[in-house]
Amino acid sequence: MLKNDHSDIPLRVVGECRAQLGEAALWDYRTETLFWVDILGKTLFAYATSSSSVISVPLAVQVSALALRRKGGLVAATRDGFAWLDAGTGELEFITDPEADRPGNRFNDGACDRNGNFVAGTMDDGEQTPSGSIYRLAGDLSVDRLAGDYVICNGPAFSLDGQTMYFSDSASRRILAFPYDPASGPLGRPTLFRKLADDEGYPDGVTIDEEGFLWCAHWGGGRLTRFDPAGRPERTIRLPVRNVTNSAFGGPDLDRLFITTAGEGRGVENSNIDPRSGVVFEANVGIRGIPEPEFAN
Ligand code: BGC
Ligand code: CA
Numbered sequence: 025m026l027k028n029d030h031s032d033i034p035l036r037v038v039g040e041c042r043a044q045l046g047e048a049a050l051w052d053y054r055t056e057t058l059f060w061v062d063i064l065g066k067t068l069f070a071y072a073t074s075s076s077s078v079i080s081v082p083l084a085v086q087v088s089a090l091a092l093r094r095k096g097g098l099v100a101a102t103r104d105g106f107a108w109l110d111a112g113t114g115e116l117e118f119i120t121d122p123e124a125d126r127p128g129n130r131f132n133d134g135a136c137d138r139n140g141n142f143v144a145g146t147m148d149d150g151e152q153t154p155s156g157s158i159y160r161l162a163g164d165l166s167v168d169r170l171a172g173d174y175v176i177c178n179g180p181a182f183s184l185d186g187q188t189m190y191f192s193d194s195a196s197r198r199i200l201a202f203p204y205d206p207a208s209g210p211l212g213r214p215t216l217f218r219k220l221a222d223d224e225g226y227p228d229g230v231t232i233d234e235e236g237f238l239w240c241a242h243w244g245g246g247r248l249t250r251f252d253p254a255g256r257p258e259r260t261i262r263l264p265v266r267n268v269t270n271s272a273f274g275g276p277d278l279d280r281l282f283i284t285t286a287g288e289g290r291g292v293e294n295s296n297i298d299p300r301s302g303v304v305f306e307a308n309v310g311i312r313g314i315p316e317p318e319f320a321n
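Okay, so the sequence shown: first residue is 25 according to the numbering used here, each after it adds one.
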């Protein structure tokens, strides 16, 4: 039995779509739609809560992170750099690729900071080499490299005041907290927010709620943990699948938590795998999210 175990809350499966690598949950308050992607399956999913239907849109390249664009539509991190994404057609218009010279890398997770810069990290596709970096795409479409030498970049999420960037250095099982200035300059040195134990899996996507607590998805750990701002676990929700990748608050009142998951990954053949691996779960956790900032362009 886990301390502060909230695993008895009802979970609902959204739309029955199974992704190989479900990620990038994003609530679009403008259209009351939840978006997410299957990175490896190159698909965008859109769940219109008004009609309760899920639409799948094929994508030409792997898309791994999404944010709302101020002018409408979405901005995305993709295998080939940053791009505008038309959610209706799946059409991508490429903006810039800071790692055009690194074909073994791909973009992974990302989110907007409180000033509307889109911050996204890259990773070694083979998950071995510390070749990943964190980049910030500004509203004028310039790109800065903020930090690097990570195997797998996950997150970020930003504190309510915007001055802390939480980041999952997944391969080392560490969640880091960077001092952050969204308006300028490089980041200072990060501090360790939390290191997961070996039996807790790897920290994946992170999300801030209205109280400034951090929700972390556990890849290989079959759960979500909510941490207080000091990095102490406040509650845990166990999920029936192993690879939990990310979460996002959504719904008109931002009181529904949507949780993305993945299949078992490369080369795993096991008849005991839960058939829900790769679905999106929805839970009412009694806490709200905050509106996601839009990309400043
Ligand atoms: C990546 C996966 C990776 C996992 C490990 C995810 O964000 O997209 O490729 O295996 O993190 O934590
Ligand atoms: Ca992720």
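Every residue, glycine too, gets a C-beta built ideally from N, C-alpha and C.
| Asked | Found |
| --- | --- |
| F273 beta carbon less than 9 Å from that of L281 | yes |
| For review: beta carbons within less than 7 Å of any heavy atom in ligand 2 | E47, N132, D133, N178, D228, G229, T269, N270 |
| Sub-9 Å separation of G179 and D133 beta-carbons | yes |
| Contact set for L90: own chain, Cβ-Cβ below 6 Å, skip 5 residues either direction | A48, L50, F59, L98, A100 |
| Which listed residue (N308, T284, I297, T231) has its alpha carbon closest to that of I63 | T284 |
| Contact set for L161: own chain, Cβ-Cβ below 6 Å, skip 5 residues either direction | F106, F142, V167 |
| Three-state secondary structure assigned by DSSP to S196 | helix |
| E316 in three-state terms, based on DSSP | coil |
| Delimiting residues of the beta strand (DSSP E) encompassing D228 | 226-232 |
| Delimiting residues of the beta strand (DSSP E) encompassing L170 | 167-174 |
| Top-ranked residue by Cα proximity to T102, from K95, Y190, R94, E115 | E115 |
| For A72: DSSP bridge partner residues | T57, S77 |
| Sub-9 Å separation of R130 and Q86 beta-carbons | yes |
| Distance between beta carbons of A111 and L68, contact taken as under 8 Å | 6 Å |
| N267 versus V304: straight-line alpha-carbon distance, rounded | 12 Å |
| Contact check, C136 vs F319, beta carbons under 9 Å | yes |
| Residue from M189, D205, I33, T231 with nearest C-alpha to R312 | T231 |
| Counterpart residues of R160 in DSSP-defined beta bridges | V143, D168 |
| Sub-9 Å separation of T260 and H30 beta-carbons | yes |
| Buried or exposed (CB count within 10 angstroms, at least 16 for buried), P122 | buried |
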